[in-house]
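S.K.: Residue numbering for the sequence shown is 66 to 796, as defined by the working numbering.
Below you'll find the structure I mean.
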Amino acid sequence: MTAPVKTLCPYCGVGCGLEILPVAASASNGSTEKGIEKWKVRGDRSHPSSQGMVCVKGATVAEPLGCDRLLHPMMRDSLDEPFRAASWDEAIDRIVAHIQTVRLTSGADALCMYGSGQFQTEDYYVAQKLMKGCLGTNNFDANSRLCMSSAVAGYVQSLGSDGPPCCYEDLELTDCAFIIGANMAECHPIAFNRLRRHHKQNAHVKMIVVDPRATPTADVADLHLAIHPGSDIDLLNGIGHLLLKWGAIDSPFIDECTSGFADYAKVLEHYPPQRVAHLCGIQPEDVEAAARYWRDAQQILSLWSMGINQSSEGTAKVRSIINLHLMTGSIGRPGSGPFSLTGQPNAMGGREAGGLSNLLPGYRSVKNSQHRAEVEQFWHLPSGQISAHAGRSAWEMITGLEAGLVDFLWIAATNPAVSMPDLERTKKALRRSPLTVYQDAYYPSETAAYAHILLPATQWSEKAGTMTNSERMVTYCPAFRSPMGEAKGDWEIFAEVGRRLGFAEQFQFSNSADVRSEFIQLTRDRPCDQSALSHAYLQENGPTQWPCSEAGQPTQRLYTDRHFLTPDGRARFGAYHSKGLAEPPDAEYPYVLTTGRLYGHWHTQARTGRIEKIRQMHPNPFVEIHPRDAQKLGIEDKGLVEIRSRRGAACCPAVVTRAIAPGTVFLPMHWGALWAEQAEVNALTHPIACPDSLEPELKACAVQLAPIHTASTDFCKTSQLIPAIRDVVHD
Ligand code: SF4
66 MTAPVKTLCP YCGVGCGLEI LPVAASASNG STEKGIEKWK VRGDRSHPSS QGMVCVKGAT
126 VAEPLGCDRL LHPMMRDSLD EPFRAASWDE AIDRIVAHIQ TVRLTSGADA LCMYGSGQFQ
186 TEDYYVAQKL MKGCLGTNNF DANSRLCMSS AVAGYVQSLG SDGPPCCYED LELTDCAFII
246 GANMAECHPI AFNRLRRHHK QNAHVKMIVV DPRATPTADV ADLHLAIHPG SDIDLLNGIG
306 HLLLKWGAID SPFIDECTSG FADYAKVLEH YPPQRVAHLC GIQPEDVEAA ARYWRDAQQI
366 LSLWSMGINQ SSEGTAKVRS IINLHLMTGS IGRPGSGPFS LTGQPNAMGG REAGGLSNLL
426 PGYRSVKNSQ HRAEVEQFWH LPSGQISAHA GRSAWEMITG LEAGLVDFLW IAATNPAVSM
486 PDLERTKKAL RRSPLTVYQD AYYPSETAAY AHILLPATQW SEKAGTMTNS ERMVTYCPAF
546 RSPMGEAKGD WEIFAEVGRR LGFAEQFQFS NSADVRSEFI QLTRDRPCDQ SALSHAYLQE
606 NGPTQWPCSE AGQPTQRLYT DRHFLTPDGR ARFGAYHSKG LAEPPDAEYP YVLTTGRLYG
666 HWHTQARTGR IEKIRQMHPN PFVEIHPRDA QKLGIEDKGL VEIRSRRGAA CCPAVVTRAI
726 APGTVFLPMH WGALWAEQAE VNALTHPIAC PDSLEPELKA CAVQLAPIHT ASTDFCKTSQ
786 LIPAIRDVVH D
């Protein structure tokens, strides 16, 4: 019998272990008679993070591997022309010539690359070396900017370094889970299963869910606080106010291990329960109940995700969560601590490899001269080669295109023509790009329509590399299928361009094991030390948590010694009053739109839209609206609704439900132009971002609603490829 291949699920940041087996005996190489591969997927019981569990996304992950693949490079001169097939040499020569011209005419800062939390760490690392090292521009950003950058900024400012302090075992050791801005049951289902089992089996364990929607997560909570969107800091300060008033704080910890408590305590004076209840739209007793749960828990675990991060004050929200842990000393202990739930499978690995425009590998900063010097020396590059300025963030690449300051855009493994805010503006800017390369596994996609060059990339299952999940667990993911067509690994493509640009010495990698061996040397003695975790080590020892130096052991929890990574070793309180939503509702746009994900779909449906079972599970986009609002507006259940913001409009059927609070509506984020007519949620959202993390407020904007009375069936043609987009294929 064939031994299963052990790997990691390539969807969400929970990072579940999978076992993969070819289906038929006749297909021991994975091939069927039609040349389409079939694989059986099951949970890997030996993977410490998921213990054999797997959700519908992981279970069906092998189904779309052979569908709609980009098989060879394609090119065109302008966006109005059809693509024509090209050779790799032609495509790379054109990219190299264009980069050289731009460097000479406009300078390196006119070059941009936009990558993805779908990358393996090896892909991220080689991209950093090319852009930040060899080309001398920090204009590399990733879609993690839209996802986790507020958590990164919050950890760095409060604790002195990025890195979630907790581990999944804490889900089973806590007395109280405080879930804020995360619908774990749908978006991080296997981590939620571990928590839910513990909650069910132990009567004393409490679960608090803070969410404007009554989600499946909220349904099983002991306390659901349906606060107004954007009022998180008010609630967090209100809990802090009561803990301080009741003396439920850890004074020795505050005195010995933190700084800034006096200023924080002054801010808390302004948040008595009556005021907090008014600001948040809940009852004062609910604020008190939440604070009581915090007070009574020996171990308390906060869990958050996009509802906190995707905010114009995301960093302040993250720090306000961490404040509660610092004032109660509940950090660095089993079952306790602030724990961000990463969105993508390897956004964590991206952070480790320097995959945001302000970072360098090994949790270094581009603004730190010593960090730059260390990396330049290691990469054998001249002193001063790495720019001292943060590069363009994801949205700043769009505004750079608008201003004519970006002459080259290289997009890989992400779909900004669906996922960026203010989509019409985004698309208009993309059309202005003098040359856009789009590197991906699938075709068609919404973003391919804005590219001049398409490069076929291998995806999960076809390339070997590593990914890190939310609990800092690094897993080796082997290649177990051959690349399709002429597809190449992302890192291989970046390295080839680097060599042809004249940096042969910097890109002498024979395989991804070489890439990882080089990268982990840059983590030595850094907070994310994984200098022991080579491909060979991970293959032999299985998934391993960092920090893990060559001399040391894997580390389950951070800060157990209560020493933080700030210059004085103390964690810092951050004192904030909330500024509220960047675009609050008003007379013209009286409703707050909040956005989110569904259990079966992944992001912009590049994979899950091609899986029949998931399409049936979520057949179309919808807008959730409270019965009171629906009645006022004459909107019926299943009736079509136009949702309009200051930037654009979307249309979809209504789900009239008490699960959403009056005054708020909800749309899922998965439907781009490829999968539905006029249902793009980001046609509505705005790009105003947190000033510290530069993460846009994708979670909330002001909208107006109106019923659509039409017999037309053009709206919401869903769950099938839209022919107009498919027709751009001319190869
Ligand atoms: S919970 Fe996330 S990582 Fe686990 S199987 Fe589901 S999608 Fe994959």
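Positions of the beta carbon are idealized from the N, C-alpha and C atoms, including for glycine.
Roughly how many angstroms separate the alpha carbons of N203 and C212, rounded to a whole number?
M.R.: 19 Å
S.K.: Beta strand (DSSP E) containing D505: first to last residue?
M.R.: Looking at the DSSP string, the run of the beta strand (DSSP E) that includes D505 is T501 to D505.
S.K.: Report the rounded CA-to-CA distance for P684 versus I273, giving the unit in angstroms.
M.R.: 31 Å
S.K.: What first and last residue would you give for the alpha helix (DSSP H) that runs through A327?
M.R.: F326 to L333
S.K.: Residues in the same chain with beta-carbon distance under 6 Å from I518, minus the five sequence neighbours each way, listed in chain order, please.
M.R.: If the five residues before and after I518 are omitted, its C-beta is found closer than 6 Å to the C-beta atoms of M140, A156 and V502, all from its own chain and listed in chain order.
S.K.: Y233: beta carbon under 8 Å from a heavy atom of the ligand SF4?
M.R.: Incorrect: Y233 has no Cβ contact closer than 8 Å to the ligand SF4.
S.K.: Between the C-alpha atoms of I304 and D694, what's the straight-line distance to the nearest angstrom?
M.R.: 31 Å
S.K.: Just to confirm my understanding: we take E583, look at its own chain, exclude 5 residues before and 5 after, and list those with CB closer than 8 Å. What are they?
M.R.: Y190 and F574
S.K.: Excluding five sequence neighbours on each side, which residues of the same chain lie with their C-beta closer than 6 Å to the C-beta of V79?
M.R.: H253, I255 and A256
S.K.: E417 to T464, Cα distance in whole Å?
M.R.: 27 Å
S.K.: Check whether the Cβ of P410 sits closer than 8 Å to any heavy atom of the ligand SF4, and report yes or no.
M.R.: yes
S.K.: When DSSP labels each residue in this structure, what does D142 get in the three-state scheme?
M.R.: coil
S.K.: Hey, would you say the C-beta of G117 is under 8 Å away from at least one heavy atom of the ligand SF4?
M.R.: no
S.K.: With contact counted as at least three CB pairs below 8 Å, one residue from each stretch, are the stretch 647-666 and the stretch 255-270 in contact?
M.R.: no
S.K.: In chain order, what are the residue ranges of uninterrupted alpha helix (DSSP H) at least 4 long that sit wholly in the stretch 262-286?
M.R.: 281-284
S.K.: Bridge partners for F205 per DSSP, in chain order?
M.R.: Paired residues: M178.
S.K.: Go ahead and label L488 buried or exposed: buried means 16 or more other beta carbons lie within 10 angstroms of its beta carbon, across all protein chains shown.
M.R.: buried
S.K.: Counting C-beta neighbours from all protein chains within 10 Å, is the total for W475 16 or more, i.e. buried, or is it exposed?
M.R.: buried
S.K.: What first and last residue would you give for the beta strand (DSSP E) that runs through Y76?
M.R.: Judged by DSSP secondary structure, Y76 falls outside any beta strand (DSSP E); it is assigned neither H nor E.
S.K.: Taking only the alpha-carbon atoms, compute the straight-line gap between K99 and G131 and give it to the nearest angstrom.
M.R.: For K99, the predicted model reports a pLDDT of 42, less than 50, meaning its position is unreliable; a value from the coordinates is still stated below. Spanning the two alpha carbons is a distance of roughly 11 Å.
S.K.: Which of helix, strand or coil does DSSP assign to G465?
M.R.: helix
S.K.: Please identify the residue among H445, F545 and E745 whose C-alpha is closest to the C-alpha of K105.
M.R.: Selected option, being the one with the closest Cα: F545.
S.K.: To the nearest whole angstrom, what separates the beta carbons of S577 and A529, a pair I think is in contact under 8 Å?
M.R.: Distance from S577 to A529 at the Cβ level is roughly 5 Å; contact confirmed, criterion being Cβ atoms closer than 8 Å.
S.K.: Under 5 Å, CB to any heavy atom of the ligand SF4. Which residues pass, going along the chain?
M.R.: C74, Y76, C77, V79, C81, V119, C120, K122, G123, P254 and I255
S.K.: Per the contact definition of three or more C-beta pairs closer than 8 Å, is the stretch 397-412 in contact with the stretch 167-183?
M.R.: yes
S.K.: Using 10 angstroms around the beta-carbon of P655, count the other beta-carbons present and answer buried if the total reaches 16, otherwise exposed.
M.R.: With fewer than 16 other Cβ atoms within 10 Å, it is exposed.
S.K.: Measure from the alpha carbon of S370 to the alpha carbon of each residue in D276, Q435, P727 and V221, then state which is nearest.
M.R.: D276
S.K.: Would DSSP call H253 helix, strand or coil?
M.R.: coil
S.K.: Which residue from S430, F687, H293 and V440 puts its Cα closest to that of D227?
M.R.: S430
S.K.: In the DSSP assignment, find the unbroken alpha helix (DSSP H) run with M682 in it and report its ends.
M.R.: E677 to M682
S.K.: Does the contact criterion of 3 or more C-beta pairs under 8 Å hold for the stretch 114-132 versus the stretch 490-504?
M.R.: no
S.K.: Is the CB-CB distance between R622 and R398 below 9 Å?
M.R.: yes
S.K.: Are the beta-carbon atoms of A459 and M485 separated by less than 9 Å?
M.R.: yes
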